[in-house]
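Please read the structure below before turning to the comments.
Residue numbers (this note's numbering): 1335 to 1659.
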């Protein structure tokens, strides 16, 4: 993810002529807006402080150039439906420049300062994501798993060496993929990736970026196309505004959960910690600190019988959490 503030100095961003999206204003924050006012933020207020940080810092939104500005509405069952006024469909340098102008005008009006890009040339790059969409196997019948894992690890080591050679100081990331598209992915989930990195001595050089299923501190990447029926540039804005508002609303709710502390304090006499109280003393404490033996566990059962079962109260905690959602 790169920053438009770093890539283009501030004067360059703000003097970029808004000729490609002339009918769209800068998107304001208007919490009192009605349901039909869709070109405003109702929840996202970039400078608002939440738990000591601004919303902009908590929610580092980035716009994806390749899907947002290169998507044409094409799918396996139909021809392209989207033709942008600034894009003549050619591979010319002038057309590429117009696409970039449109993208940065879009980001300026949306108030987003980060962007993501598919390219082999980088300026002011802060992270490199190794997207493992095809690092896996379709069948074990023709696969040597350890050999493939070793080859992949050696490739990552080559990347680390090259990074050091050229003086790149950004962060390398691996993005776990459960099934996209092979039968089994070598980067199936975060725990699998961490084990792989530890095993091959790469854990100091790589971190994990989790695909979007919640808020993460690294940033929020809108890797999405509008629907093939949504052919107006205004649709691009409304789609991003809706997503940014949803995250902003969720951030406020999450902050309220933290501030009120209901999940960590007694509720109807059921604090979260009561589930693990038996591990605070006696044999439970020895199990928790790793000093117990199987013989001690056997002796405890013989002397005391089966431990009393305590409900985990999942429904209770989910109901409390849903109160804030």
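Backbone N, C-alpha and C define an ideal beta-carbon position, used for all residues, glycine too.
Using alpha carbons as the reference points, say which of 1433, 1526, 1646 and 1512 lies closest to residue 1467.
1512
Measure the alpha-carbon distance for residue 1391 versus residue 1383 and round it to whole angstroms.
9 angstroms
Using only alpha-carbon positions, find the residue among 1633, 1642 and 1596 that is nearest to residue 1653.
Checked all of 1633, 1642 and 1596; the closest Cα to residue 1653 is 1596.
If you run the structure through DSSP and keep just helix, strand and coil, what is residue 1402?
In this structure, residue 1402 counts as helix in the three-state DSSP scheme.
Indicate the three-state DSSP secondary structure (helix, strand or coil) for residue 1644 in the structure shown.
coil
Classify residue 1293 as buried or exposed, calling it buried when 16 or more other Cβ atoms lie within 10 Å of its own Cβ.
Any property of residue 1293 remains undetermined from this structure, which presents the chain solely from 1335 to 1659.
Could you tell me the distance, in whole angstroms, from the CA atom of residue 1508 to the CA atom of residue 1369?
40 angstroms
Residue range of the beta strand (DSSP E) that includes residue 1505:
Where residue 1505 is concerned, the enclosing beta strand (DSSP E) stretches over 1505-1509.
Expressed to the nearest angstrom, what Euclidean distance is found between the alpha-carbon atoms of residue 1361 and residue 1505?
32 angstroms
With DSSP collapsed to three states, give me the class of residue 1584.
helix
Could you tell me whether the Cβ atoms of residue 1613 and residue 1626 are closer together than 8 angstroms?
It is not a contact, given that the beta carbons lie outside the stated cut-off.
Run of the alpha helix (DSSP H) containing residue 1496, from where it starts to where it stops
1479-1500
In the DSSP assignment, what residue or residues form a beta bridge with residue 1465?
1509
Spatial distance of residue 1443 from residue 1397 (CA atoms)
12 angstroms
According to DSSP, is residue 1541 helix, strand or coil?
Looking at residue 1541 - three-state DSSP - the assignment turns out to be strand.
Just the Cα atoms here: how many angstroms apart are residue 1638 and residue 1628?
15 angstroms
So, does the segment 1469-1483 touch the segment 1517-1524, judging by three or more C-beta pairs under 8 angstroms?
Flag = yes, the segment 1469-1483 and the segment 1517-1524 touch.
Per-residue DSSP class, three states only, for residue 1415:
coil
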